[in-house]
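Mapping to the working numbering: the sequence shown position 44 is 459, numbers consecutive. Taking it in order: structure first as structure tokens, then the write-up.
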Amino acid sequence: MTTQSTTTPTEHDQWWRDAVVYQVYPRSFADSDGDGMGDLPGVTARLPYLRDLGVDAIWLSPFYTSPQHDGGYDVADYTDVDPRFGSLADADTLIARAHELGLRVVVDLVPNHSSSEHVLFQQALAAAPGSPERDLYVFREGRGEHGELPPNNWTSIFHGPAWTRVTEADGTPGQWYLHIFDTSQPDWNWDNPAVHEMFRGVLRFWLDRGADGFRVDVAHGMVKPEGLPDATVNAEGLIDIPEGEVPVYFDNDGVLDIYREWRPIVDSYAGDRMMVLEAWIPEHRLPLYIGPEEAHQSFNFGFLQARWGVPTMRAAIEKPLALADAVGAPTTWVLSNHDVIRHATRYGFPPEHRFGEGLSREEVPDTELGRRRARAATLLMLALPGSAYLYQGEELGLPEVADIPDELREDPSHHRAGVPGRDGCRVPLPWEKDAPAYGFSPTGASWLPQPAVFAELAADVQAGDPNSTLEMYRLALRLRGELGLGRHVEGVEFPDGLPEGVLAVRRGSVWVLVNTGDAAVELPAPLAAATLLVASGPGVARGVLPADTAVWLRTA
Ligand code: GLC
Ligand code: MG
416 MTTQSTTTPT
426 EHDQWWRDAV
436 VYQVYPRSFA
446 DSDGDGMGDL
456 PGVTARLPYL
466 RDLGVDAIWL
476 SPFYTSPQHD
486 GGYDVADYTD
496 VDPRFGSLAD
506 ADTLIARAHE
516 LGLRVVVDLV
526 PNHSSSEHVL
536 FQQALAAAPG
546 SPERDLYVFR
556 EGRGEHGELP
566 PNNWTSIFHG
576 PAWTRVTEAD
586 GTPGQWYLHI
596 FDTSQPDWNW
606 DNPAVHEMFR
616 GVLRFWLDRG
626 ADGFRVDVAH
636 GMVKPEGLPD
646 ATVNAEGLID
656 IPEGEVPVYF
666 DNDGVLDIYR
676 EWRPIVDSYA
686 GDRMMVLEAW
696 IPEHRLPLYI
706 GPEEAHQSFN
716 FGFLQARWGV
726 PTMRAAIEKP
736 LALADAVGAP
746 TTWVLSNHDV
756 IRHATRYGFP
766 PEHRFGEGLS
776 REEVPDTELG
786 RRRARAATLL
796 MLALPGSAYL
806 YQGEELGLPE
816 VADIPDELRE
826 DPSHHRAGVP
836 GRDGCRVPLP
846 WEKDAPAYGF
856 SPTGASWLPQ
866 PAVFAELAAD
876 VQAGDPNSTL
886 EMYRLALRLR
896 GELGLGRHVE
906 GVEFPDGLPE
916 GVLAVRRGSV
926 WVLVNTGDAA
936 VELPAPLAAA
946 TLLVASGPGV
956 ARGVLPADTA
966 VWLRTA
């Protein structure tokens, strides 16, 4: 059962405005060749599942040539496919098959940095200080008498200095290069026109191959403040970032010019291509990045970060809607991705628990509470106007996996910073309860071990079970399409007069109610008589909304 349209892409009108986009993390989605690593043919084979789920598009995390020091976000060749994932022909097949099924394909673009194995970085290392080769990246002389100190005090997002010193051709210690992330991810020099030219070519390469858009990685990076000034430090000598702000090397105005340069290219292609930005920036800065001349949309991470409760969640809806409205762009909603603790687990902790850096074995969530609240939050999200981004496996209610042996963890932040790291949300998906590797791989191989709990959460166990998380997603996605909830038509109201702890969002005749309190509540008369469209959990009866549960109701 699906409401997916089979019309060709050009017949849609700005499909991305209300699209549901499903993030595929290729390493962990489906493995076709049995090497334990997901791949593009694996994705292609499972596309009908995504069509049946009812999503409009997929976003593929990087599948480009890469040594995989940061799960592929360290790109060695932007216009080729890593042999682990297949070939360019496999990418073409995937895009063509997706289009046949009425699914759009958004690819990841990583413009802040490349891999240190990129041929241009290798050439920069081999070339002399001051050479045009070096100028493609950010090389500087060190400070101190012999250049033995980093050029400034910036620290990497993955901890430790953001600079690494190279050895020059004559064997002496030489210049330093900037890497905001891992040492294997040197930052491009966006002051150099050659870098601009190269990326315009990368955009065209994928647009020519039929990509419907780009998810832009670290979209608030790229342009660094002039002179690379030191960041201010606090008493402990750590970079001081006031609440709600970002480090000096992010969110510099110059980055907006890059989107103004790219927008006409993207818009020059038929069929409504788009850009969605991964910009972790203060909320008030968001409108600068989106609009008719900049990017089409940007992730709104405030909803993901909002603490469970009426005022916090309401604010996380109202504010981005108002901000996006002001620039005529739709907002986006997201609860999980490959960088944060899966929301089925996150909600099993007290609201102040962090959302990033993964989960350690010692941090034990309330699994049942997490599952209930996650399903309720999802129903809330899917009723909001704008586009919604889902992360693979959330439709199965997968938990974050804490029990991964340290030696198998791959996230560079685990090794550099000693935090648990993000591998726990990247464990290969369970498709079939009784198959090897739960159907992820024909040989039973899996690059990260899958926990036993994945058996009961496998897609084939949940399919057809009306109480399953998978069927809740399918029903909600179908209704979202039928009722046009992703569109702005009827606006969003927050009616008063509900019992305490209940967040109410009204979309015309459809009411979304979330009981954030810890006891069941009775609903007032008109709502008690309304038709139940979908519920996030058991125990919903006429006029009764259990704790940690959401419903969509329709009034006459
Ligand atoms: C983005 C990606 C993340 C990656 C980082 C560096 O935040 O989502 O996975 O580690 O960029 O590329
Ligand atoms: Mg494989």
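From the three backbone atoms N, C-alpha and C, an ideal C-beta is built for every residue, glycine too.
Inter-residue distance for residue 592 and residue 642 is about 14 Å (C-alpha atoms, whole angstroms). Spatial neighbours of residue 871 in its own chain (CB-CB distance under 8 Å, excluding positions within 5 residues in sequence) are listed in chain order as 848. Nearest in C-alpha terms to residue 800, of all of 771, 753, 748, is 748. As the crow flies, the alpha-carbon of residue 515 is around 12 Å from that of residue 472. According to the DSSP assignment, residue 519 belongs to the beta strand (DSSP E) that extends over 519 to 524.
By the criterion of a C-beta distance shorter than 6 Å, residue 913 is surrounded in its chain by 919, once the five residues flanking it on both sides are discounted. Between the alpha carbons of residue 589 and residue 544 lies a distance of about 8 Å. Under the three-pair Cβ rule at 8 Å, the stretch 610 to 629 counts as touching the stretch 668 to 683. Rounded to whole angstroms, the separation of the alpha carbons of residue 832 and residue 573 is 6 Å.
Within the same chain, Cβ atoms closer than 6 Å to the Cβ of residue 771 are found at 755, the five residues on either side in sequence being excluded. For residue 464, the uninterrupted alpha helix (DSSP H) run begins and ends at 455 to 468, by DSSP. DSSP places residue 960 in the strand class (E or B) of the three-state scheme. Residue 710 sits close to residue 692, with the two beta carbons spaced by under 8 Å. Within the model, the alpha-carbon separation for residue 730 versus residue 814 is close to 27 Å. Relative to ligand 1, residue 486 has its C-beta within less than 7 Å of a heavy atom. When the Cα atoms are used, residue 530 and residue 901 turn out to be separated by approximately 38 Å.
C-alpha of residue 867 to C-alpha of residue 892: approximately 29 Å in a straight line.
At a cut-off of 7 Å, the beta-carbon of residue 627 does not count as near ligand 1: no heavy atom of the ligand is closer than that. Taking a contact to require three or more Cβ pairs closer than 8 Å, the stretch 731 to 742 and the stretch 802 to 820 do not qualify as touching. Residue 791 counts as buried, since at least 16 other C-beta atoms from the protein chains shown sit within 10 angstroms of its C-beta. For secondary structure counted as the alpha helix (DSSP H) over 4 or more consecutive residues, the stretch 504 to 562 holds these complete runs in sequence order: 534 to 541.
Residue list for ligand 2: 446, 448, 450, 452, 454 (CB closer than 5 Å to any heavy atom, chain order).
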